[in-house]
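Written out below as structure tokens is the structure these notes cover.
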Amino acid sequence: MTYNKNLVRRLNLQEYVTFKGFLQGEQLDALYDWATIGIGSLAIGRKGLKYTSELKAREYISRGLPFFWSTIDEDIPESTGFILFLEENIPLEFQKILQFNRGINQNEIAPQMRAFANANLDFRVKMSKLNKFLYEILRS
117 MTYNKNLVRR
127 LNLQEYVTFK
137 GFLQGEQLDA
147 LYDWATIGIG
157 SLAIGRKGLK
167 YTSELKAREY
177 ISRGLPFFWS
187 TIDEDIPEST
197 GFILFLEENI
207 PLEFQKILQF
217 NRGINQNEIA
227 PQMRAFANAN
237 LDFRVKMSKL
247 NKFLYEILRS
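Sequential numbering from 117 applies to the sequence shown in the working numbering.
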């Protein structure tokens, strides 16, 4: 975290970037209510990864917060409409991010995101898929 804080100071971005630390409960709820866009994983190829299954993205979706990232998650298709997929290993296209954020009606998209989370990311849904997979393995 020290590196990030120093970078913000060096670039003179203190007015725009705030580090909140660990939040939970009402403090976290208030931050989600205030936010208009989230940031998912970027440049995961630098770690030798292509796919992720990040908890942060699932929380964004269940909270109804649109976000951008440059990863592939088999549970979350690119066609959702509430995620901006950016290309890997190119500089962030801030105009594209701003345009995406401005084009979203938060009141309309949030319920759609929560419905997607319930239908595709809920623990019961995931466990059902795992049970079917294990059943097929045991059957063969």
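Glycine included, every Cβ here is placed at the ideal spot set by N, Cα and C. For clarity, every value in this text was computed on a predicted model and none was experimentally measured.
Under the Cβ criterion (8 Å, minimum of three pairs), the region 220 to 231 counts as touching the region 178 to 191. Within 10 angstroms of the beta-carbon of Ala233 lie 16 or more other beta-carbons, which makes it buried.
Scanning Tyr148, Leu158 and Glu131 for the CA closest to the CA of Leu139 turns up Tyr148. Per DSSP, the unbroken alpha helix (DSSP H) holding Ile225 starts and ends at Gln222 to Asn236.
The beta carbon of Lys212 is closer than 8 Å to those of Leu200 and Leu202 in its chain, skipping five residues each way along the sequence.
Per DSSP, the unbroken alpha helix (DSSP H) holding Ile213 starts and ends at Phe210 to Arg218. Ranking Leu129, Thr118 and Asn128 by CA distance to the CA of Gly137 puts Thr118 first.
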